[in-house]
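S.K.: Protein chains in written order, with my numbering: chain H, 1 to 110; chain F, 1001 to 1591.
Ideal Cβ positions, reconstructed from N, Cα and C, are used throughout, including at glycine.
Please read all numbers here as calculations on a predicted model, not as lab measurements.
One structure, as structure tokens, below. Some questions next.
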Amino acid sequence: MVNSENTKAQMRKGVLELCILSILSQGDAYPTEIIEKLKETKLVVVEGTLYPLLTRLKNTGLLNYRWEESNSGPPRKYYMLTEIGETYLKELHLSWYELVDAVNKTITKK
Amino acid sequence: MNKTVTINISGIIFHIEEDAYDKLSKYLNTIKGYFSKADGGSEIMSDIEARIAEMLQSKTSAIKQVVLMSDVDFVMDNMGKPEEFAGDEQAHSQNSSNSDYSEYINNEPVKRRLYRDGDSKVLGGVCSGIGHYFGFDPVWLRIALALLLVFAGTGVLIYIILWIAIPEAKTMTEKLAMKGEKADINNISKAVKEEAEQLKKRMEKYGKEFSNMTSNSEAPRNAAEKIIDFFGDVLGNVGRVLLKIVGVLLVVFGIIFFLGLTSSVFGLSFMMDSSNGSEWIDMLLLDGKDFYIGIIGIAIFAGTPIIMMIYGGIKILFKINYRNRWVNLSAGIIWLVGFLMLLYVGIKTGSDFNKTAKVRENITVTNYDTLYLKMHETPVNSQELNFSDNEEEGEKGFKTNRRDNNYMIGTSNSMKYLLGHAQLNIIKSQTDKVELVIVKEAKGGDKRSATERAKNISYNVSQIDSLIQFDNLFKVNNADKFRVQDVTVILKVPVGKVVYLDKSIESLMYDIENVTNTYDGDMVNRRWIMTANGLKCLDCDGITDNSDKNNSDEDDTEKDVKITVNGVDVDNKDVQVKLDTNGIHIHTKKK
């Protein structure tokens, strides 16, 4: 039997970036919040995936962060979109819809 | 009852059961192992630790103060196995060529990056890319470049280097980064401040962790690792600054060398008529084809490393990480080609110096009791000489001395000639006749061609009654090339005959032997008689005999200078120097 789990995981990973940027476009968030939102939609299974990705996006200049004190625990790193990040997200949105269209067309064709 | 350990994660203190601690620290170390090689690894680590602290905090309360094994399991389940999430990201950063972020991942938060702009390009998008980077209209750059083009074409090569060194912005991210936040002075100082602050934070963190470690005396190995990490960080920062300096030096020196090279190469190939260097190379090389092979060979041989210097410097300065293997490979091959070209010309030319030939020409001289030796009235080609820089001041052609032993290049009727100083020697004749021998010397690939070249040297001696006149220089056709040609005139004078050396002949004379060891310069304008022992001056009453003078000089010196165990004592009519236990005393006596 072919293991479809692996393929599904790969697909999730591919769109994770778009999802993170989209979540942040609705407002600044710290990792735990992002994870909770992603978990609702079952996009993330393990949390560890998120941190390297966030750091990478931040180092690319798409994201920025600020520290905020938390009354229960260590200070939180609130991520936000930069201007570049916003432009980049718009670009990703466009190509996402194009991709969805193209994929839908391809897989519904008989 | 279980033993607990106190740990600090992200600044929060936890009491944790020993076995749970072992598991957690092993887990964190594994994650660390995955990220240690990736850049930004320490940041990812601290993010993950912060999240773990948060999770553990949610699991503890005033009643349940201790972190248990089950809590650590909960953390690990939620966070996932390191190989699940870390391996992927690592592969991502290593396999950089197919990633949009490849160029950024290895760098700290870079704002704007240098790319070629393929969207608004004229040629390769170099100017528009640089324009984006520094924030000005690329038109100015293009104008500047066009101007450089006029000046020896320097612009072309610099443009090509930049074209190769700077990658084109292809993906969206690259295009965004190309126009990203400007890297001006404010930003740089901001970045430096941030860097310093980060370093300070890290140092504090290390310090804290270190003191924790030691107080716990738990894992000394870990502490040592932290210290190494810390120094690694500091060294990394220092190294980055040094690297920048190296980059700047490479580019600056590269450009200076490059300008020097282009001007000399272009000077050599396009200003053949006025440049000394090219004329000499032309004189040396067998044919015109060799000349161009040689010039191109020099340009490639010296130019390729210089270009690679600039290329490397630019890559360091603008943090261009992508590697272009064919650039290095083809640079190597081109350099080798240049080297082979030089080798070919060098061997071909060098082998033309293999053999030396001497040709002796006997000139019949009518005998007179006194022979007057003079230079020809009109010097050979002197008015058309191109003087090289080591030529002395004064009248052209005459002033230059045999002793300088330099060759010159002259032109007449647009033909180039090699000109060299001939050498005159006067010796005793074995017969009772005055004899004149001209020895011509040259080198060639074989004896025959060397002899041919020697014969082709033109040098004239003429006699009018008792006056023998010499050419000041010998002349070699450009076709014969420079092959260390030399001319020696030997005048054999029988005993009893007299020669008069005119002042004009001085530049020809080369250590003519005489009984009084008189210098060439003092021999002129005087008559000399050949004796059994050699030439003897007939009207030298006015000047002291050099051989005696030398001796007396030495005697004087001996009298003037006394060196004893007590010191040195110099005393002559001008100066008095005393060196003894009291020090040095110098006293000059004014007349």
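1. Give me, in chain order, the residues of the same chain whose beta-carbon lies closer than 6 Å to that of VAL1524/F; leave out the 5 immediate sequence neighbours on both sides.
2. Looking at the C-beta of ALA1050/F, does it have a partner C-beta in chain H at a distance below 8 Å?
3. For GLY1125/F, verify whether its CB is less than 7 Å away from any heavy atom of the ligand FAD.
4. Rounded to whole angstroms, what is the Cα-Cα separation between ALA1479/F and GLY1420/F?
5. Output, in sequence order along the chain, the residues in the stretch 1026-1047 of chain F whose CB is closer than 8 Å to any CB in chain H.
6. Report yes or no: is there a C-beta of chain F within less than 8 Å of the C-beta of ALA29/H?
7. Name the chain F residues whose beta carbon is nearer than 7 Å to that of GLY73/H?
8. So which residues on chain F does LYS42/H lean against when the C-beta distance must stay under 8 Å?
9. With respect to the beta strand (DSSP E) encompassing SER1412/F, which residues constitute its N-terminal and C-terminal limits?
10. Given a threshold of 16 other Cβ atoms within 10 Å of its Cβ, counted over all protein chains shown, does GLU1279/F qualify as buried or as exposed?
11. Determine the chain H residues that contact PRO1082/F at a beta-carbon separation under 8 Å, and present them in chain order.
12. Using CA atoms only, rank isn't needed, just tell me which of PHE1136/F, LEU1123/F, HIS1132/F and ALA1165/F is closest to ALA1146/F.
13. What are the boundary residues of the alpha helix (DSSP H) that includes ILE1320/F?
14. Interface residues of chain H around ALA1062/F at Cβ under 8 Å?
15. For ARG1448/F, count neighbouring C-beta atoms within 10 Å of its own C-beta (all shown protein chains included) and say buried if the count is 16 or more, exposed if not.
16. Of the residues that make up the stretch 1228-1253 of chain F, which ones have a beta carbon closer than 9 Å to any beta carbon in chain H?
17. Of all Cβ atoms in chain F, is any one closer than 8 Å to the Cβ of MET1/H?
18. Can you give me the Cβ contacts of LYS1358/F inside the same chain, cut-off strictly under 8 Å, excluding the 5 residues immediately before and after it?
19. Mind checking if TYR1101/F is an interface residue toward chain H, Cβ cutoff 8 Å exclusive?
20. So, is the C-beta of GLY61/H closer than 8 Å to a C-beta in chain F?
21. Residues of chain F with a CB under 8 Å from the CB of THR32/H: which are they?
22. Output the distance between the C-alpha atoms of THR1451/F and LYS1348/F, rounded to the nearest integer angstrom.
23. Is the Cβ of ASN1008/F closer than 8 Å to any Cβ of chain H?
24. Give me the chain H residues within the contact set of ALA1331/F, using Cβ-Cβ distance strictly less than 7 Å, ordered along the chain.
25. Below 8 Å between beta carbons: does that hold for ILE84/H and LEU62/H?
26. Going by beta carbon distance, what residues of the same chain come within less than 8 Å of TYR65/H, once the five residues before and after it are set aside?
27. If you count every other CB in all the chains shown that lies within 10 Å of the CB of ARG1113/F, and 16 or more means buried, which is it?
28. Quick check: is the beta carbon of ASN1002/F nearer than 8 Å to any beta carbon in chain H?
29. Measuring CB to CB, does GLU47/H end up less than 8 Å from MET1079/F?
30. Helix, strand or coil: how does DSSP classify CYS1540/F here?
31. Please tell me whether MET1178/F has its Cβ less than 8 Å away from any Cβ of chain H.
32. Hey, ILE23/H and LYS37/H: beta-carbon distance below 8 Å or not?
33. What do you reckon, are the CB atoms on GLY1254/F and ILE1334/F nearer than 8 Å?
34. Give me, in chain order, the residues of the same chain whose beta-carbon lies closer than 7 Å to that of PRO75/H; leave out the 5 immediate sequence neighbours on both sides.
35. Could one say the Cβ of THR7/H lies closer than 8 Å to chain F's Cβ atoms, at least one of them?
36. Going by Cα to Cα distance, which pick from ASP1229/F, MET1178/F and LYS1193/F is closest to MET1203/F?
M.R.: The relevant details are as follows:
1. LEU1501, LYS1503 and GLU1506
2. Yes, ALA1050/F counts as interfacial toward chain H.
3. Ligands displayed in this structure: none; no statement on the ligand FAD is therefore possible.
4. 16 Å
5. Along the stretch 1026-1047 of chain F, going in chain order, the ones with a CB nearer than 8 Å to a CB of chain H are ILE1031, PHE1035, ALA1038, ASP1039, GLY1040, GLU1043, ILE1044 and ASP1047.
6. ALA29/H does not count as touching chain F.
7. Correct list: ILE1012, ALA1053, GLU1054 and GLN1057.
8. Counting only Cβ-Cβ distances below 8 Å, LYS42/H has no contacts in chain F at all, with the closest Cβ about 14 Å away.
9. Element bounds for SER1412/F: 1408-1412.
10. Residue environment for GLU1279/F: buried (at least 16 other C-beta atoms within 10 angstroms of its C-beta).
11. GLY48
12. LEU1123/F
13. Counting along the chain, ILE1320/F falls outside any alpha helix (DSSP H), and DSSP gives it neither H nor E.
14. Those within 8 Å of ALA1062/F in chain H number zero; the least Cβ separation is about 13 Å.
15. Exposed, by the Cβ-count rule.
16. none
17. Because MET1/H sits at a pLDDT of 49, beneath the cut-off of 50, its placement in the model cannot be relied upon, and the point is left open.
18. VAL1439, LYS1440, GLU1441 and ALA1454
19. Unreliable placement is indicated for TYR1101/F, whose pLDDT of 37 sits below 50; the coordinate value is still reported in the next sentence. With 8 Å as the cut-off, TYR1101/F counts as an interface residue toward chain H.
20. yes
21. Within 8 Å Cβ-Cβ: ARG1051 and GLU1054.
22. THR1451/F and LYS1348/F have their C-alpha atoms spaced approximately 19 Å apart.
23. no
24. Under the 7 Å cutoff, chain H gives no residues; its nearest Cβ is about 32 Å from ALA1331/F.
25. yes
26. Closer than 8 Å at Cβ, skipping near neighbours: LYS58, LYS77, TYR78, TYR79 and MET80.
27. Of the residues assessed, ARG1113/F falls on the buried side of the cut-off, its CB having 16 or more other CB atoms within 10 angstroms.
28. no
29. Yes, they are a contact pair.
30. coil
31. no
32. yes
33. no
34. TRP67, GLU68 and GLU69
35. no
36. ASP1229/F
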